[in-house]
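Worksheet: the structure to be examined is printed underneath.
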Amino acid sequence: MTAMTSTSPQTPQTPQGPQTPPAAALHTPVIGWFEQHARDLPWRRPEAGAWGVMVSEFMLQQTPVSRVLPVYEQWLARWPRPADLAAEAPGEAVRAWGRLGYPRRALRLHGAAQAITERHGGDVPSEHSQLLALPGIGEYTAAAVASFAYGQRHAVLDTNVRRVFARAANGIQYPPNATTAAERKLARALLPDEDERAAKWAAATMELGALVCTARNESCERCPISAHCAWRLAGKPAHEGPPRKGQTYAGTDRQVRGRLLAVLRDALTPVPQAALDAVWEEPVQRARALDGLVADGLVEPLADGRYRLPLT
DNA sequence: AAGACGTGGTT
DNA sequence: TAACCAAGTCT
Numbered sequence: 001m002t003a004m005t006s007t008s009p010q011t012p013q014t015p016q017g018p019q020t021p022p023a024a025a026l027h028t029p030v031i032g033w034f035e036q037h038a039r040d041l042p043w044r045r046p047e048a049g050a051w052g053v054m055v056s057e058f059m060l061q062q063t064p065v066s067r068v069l070p071v072y073e074q075w076l077a078r079w080p081r082p083a084d085l086a087a088e089a090p091g092e093a094v095r096a097w098g099r100l101g102y103p104r105r106a107l108r109l110h111g112a113a114q115a116i117t118e119r120h121g122g123d124v125p126s127e128h129s130q131l132l133a134l135p136g137i138g139e140y141t142a143a144a145v146a147s148f149a150y151g152q153r154h155a156v157l158d159t160n161v162r163r164v165f166a167r168a169a170n171g172i173q174y175p176p177n178a179t180t181a182a183e184r185k186l187a188r189a190l191l192p193d194e195d196e197r198a199a200k201w202a203a204a205t206m207e208l209g210a211l212v213c214t215a216r217n218e219s220c221e222r223c224p225i226s227a228h229c230a231w232r233l234a235g236k237p238a239h240e241g242p243p244r245k246g247q248t249y250a251g252t253d254r255q256v257r258g259r260l261l262a263v264l265r266d267a268l269t270p271v272p273q274a275a276l277d278a279v280w281e282e283p284v285q286r287a288r289a290l291d292g293l294v295a296d297g298l299v300e301p302l303a304d305g306r307y308r309l310p311l312t
């Protein structure tokens with residue numbers, strides 16, 4: 001995507017062609033589409049506040065919206081402010097996380113709530129660097145919270161936005177596995193100048209990737225910038241290069257950890273070793289998985305040999 | 001910097 | 001059915 005800021009004096013009125021419009025020419029159709037088609041999600045409502053936005057961002061990391069919705073509602077009802085969560089045992093956060101997956105996120109969200117309570121007077125910080133310093137908040141989430149909760153101007157590069165830009169601007173089906181400097185540069189160049197409009201653009205491009213410019217079965221007919229999309233104009237060439245990182249699960253430590261933690265989550269009292277041994281046949285892998293959970297702070301071993309979700 | 005880290009729906 | 005995919009972070 002090349003911003004055409006200079007026009008030849010010979011052809012001042014000549015259209016620049018659909019492939020390379022000025023960045024600003026994309027803003028209006030994408031934002032207009034968003035205002036027409038955006039989903040009504042609870043964390044987008046004004047009453048969600050910065051804490052609601054932050055909780056949603058933690059839960060949405062690698063997790064579909066449909067699975068997040070019910071847990072989000074319960075979470076906000078139980079812990080409406082960071083200090084409410086900070087006052088709880090971390091194990092309660094892990095329990096309330098339910099089956100969202102990646103339960104370390106629950107622990108990190110609890111840790112972030114504690115840091116916010118101690119360092120920021122109980123208010124989710126608005127400064128990008130302060131957000132980035134919180135556990136569980138990386139490049140994407142810091143930008144997302146600053147943008148969505150505080151209306152700031154940041155390049156928000158999640159998997160959806162990266163795919164939209166890869167296609168529309170670079171003409172390729174999928175972005176690289178890891179975010180590159182070139183992607184960040186492009187995202188910054190495409191950002192509207194004004195703060196509120198930049199925040200809208202971030203949400204809009206993300207929504208476009210989630211609903212229209214999807215990983216599979218994209219719907220170019222419904223895309224507001226299909227006329228400008230380099231990938232579509234090139235005939236939608238298939239992805240080449242290194243295979244996208246696959247995920248195996250069956251038989252891995254992750255699966256064993258999941259089973260162990262499920263037992264702990266459902267238990268109201270400390271669990272004896274035998275109850276954990278029952279979830280996996282192979283003893284070496286089982287022990288390794290349990291050790292890992294303890295090392296991660298997701299499980300607390302008691303002196304009597306039993307286990308529970310962490311109290312501290 | 002490649003790999004670990006959950007879970008469940010879709011193709 | 002096996003593989004892919006889902007608003008990433010951390011080491």
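Under UniProt numbering, residues 1 to 312 are what the first sequence spells out, in order. All residues carry an ideal CB built from backbone N, CA and C; glycine is no exception. Fair warning: this is a prediction, and the values are worked out from it, not measured in the lab.
Helix, strand or coil at residue i according to DSSP, with G and I counted as helix
| i | result |
| --- | --- |
| residue 292 | helix |
| residue 281 | coil |
| residue 9 | Residue placement at residue 9 is poorly supported in this model, since its pLDDT is 31, which falls under 50; the coordinates still yield a value, given next. It is coil, neither helix nor strand. |
| residue 125 | coil |
| residue 82 | helix |
| residue 92 | helix |
| residue 120 | coil |
| residue 245 | coil |
| residue 26 | helix |
| residue 239 | coil |
| residue 3 | Confidence at residue 3 is low in this model, with a pLDDT of 35, below 50, so its placement is unreliable and the value that follows should be read with caution. In the structure shown, residue 3 sits in coil (DSSP, three-state: anything other than H, G, I, E or B). |
| residue 218 | coil |
| residue 193 | coil |
| residue 61 | coil |
| residue 230 | helix |
| residue 14 | Its pLDDT being 34, under 50, residue 14 is placed unreliably by the model, and the measurement read from it follows with that caveat. Three-state result, residue 14: coil. |
| residue 153 | coil |
| residue 173 | coil |
| residue 252 | coil |
| residue 312 | coil |
| residue 212 | coil |
| residue 266 | helix |
| residue 141 | helix |
| residue 32 | helix |
| residue 102 | coil |
| residue 203 | helix |
| residue 134 | coil |
| residue 260 | helix |
Bridge partner(s) assigned by DSSP for residue i
| i | result |
| --- | --- |
| residue 271 | 307 |
| residue 301 | 307 |
Cβ pair residue i, residue j closer than 8 Å
| i | j | result |
| --- | --- | --- |
| residue 153 | residue 123 | no |
| residue 306 | residue 272 | yes |
| residue 150 | residue 50 | yes |
| residue 184 | residue 174 | no |
| residue 230 | residue 188 | no |
| residue 142 | residue 157 | no |
| residue 101 | residue 63 | yes |
| residue 244 | residue 177 | yes |
| residue 371 | residue 311 | Within the shown structure, residues of the chain are numbered from 1 to 312, placing residue 371 beyond reach of any answer. |
| residue 107 | residue 90 | yes |
| residue 29 | residue 225 | yes |
| residue 37 | residue 211 | yes |
| residue 72 | residue 43 | yes |
| residue 145 | residue 53 | yes |
| residue 134 | residue 112 | yes |
| residue 270 | residue 293 | no |
| residue 23 | residue 260 | no |
| residue 148 | residue 109 | no |
| residue 221 | residue 34 | no |
Exposure label - residue i; buried when at least 16 CB within 10 Å
| i | result |
| --- | --- |
| residue 192 | buried |
| residue 47 | exposed |
| residue 68 | buried |
| residue 250 | exposed |
| residue 17 | Residue placement at residue 17 is flagged as unreliable, the pLDDT there being 43, under the threshold of 50; the coordinate-derived value follows with that caveat. Answer is exposed; the Cβ neighbour count stays below 16. |
| residue 136 | buried |
| residue 105 | buried |
| residue 66 | exposed |
| residue 296 | exposed |
| residue 209 | buried |
| residue 304 | exposed |
| residue 103 | buried |
| residue 55 | buried |
| residue 248 | exposed |
| residue 129 | exposed |
- Should the stretch 245-263 be called in touch with the stretch 277-293, which here means at least 3 C-beta pairs below 8 Å? As far as the Cβ criterion goes, the stretch 245-263 touches the stretch 277-293, which means the pair count is three or higher.
- Contact between the stretch 235-253 and the stretch 162-178 (3+ Cβ pairs under 8 Å): At 8 Å Cβ cutoff, the stretches touch.
- Item | Stretch pair the stretch 73-88 + the stretch 111-124: three plus CB contacts closer than 8 Å | Verdict: yes, contact present.
- Query: Should the stretch 260-269 be called in touch with the stretch 196-203, which here means at least 3 C-beta pairs below 8 Å?
  - Reply: no
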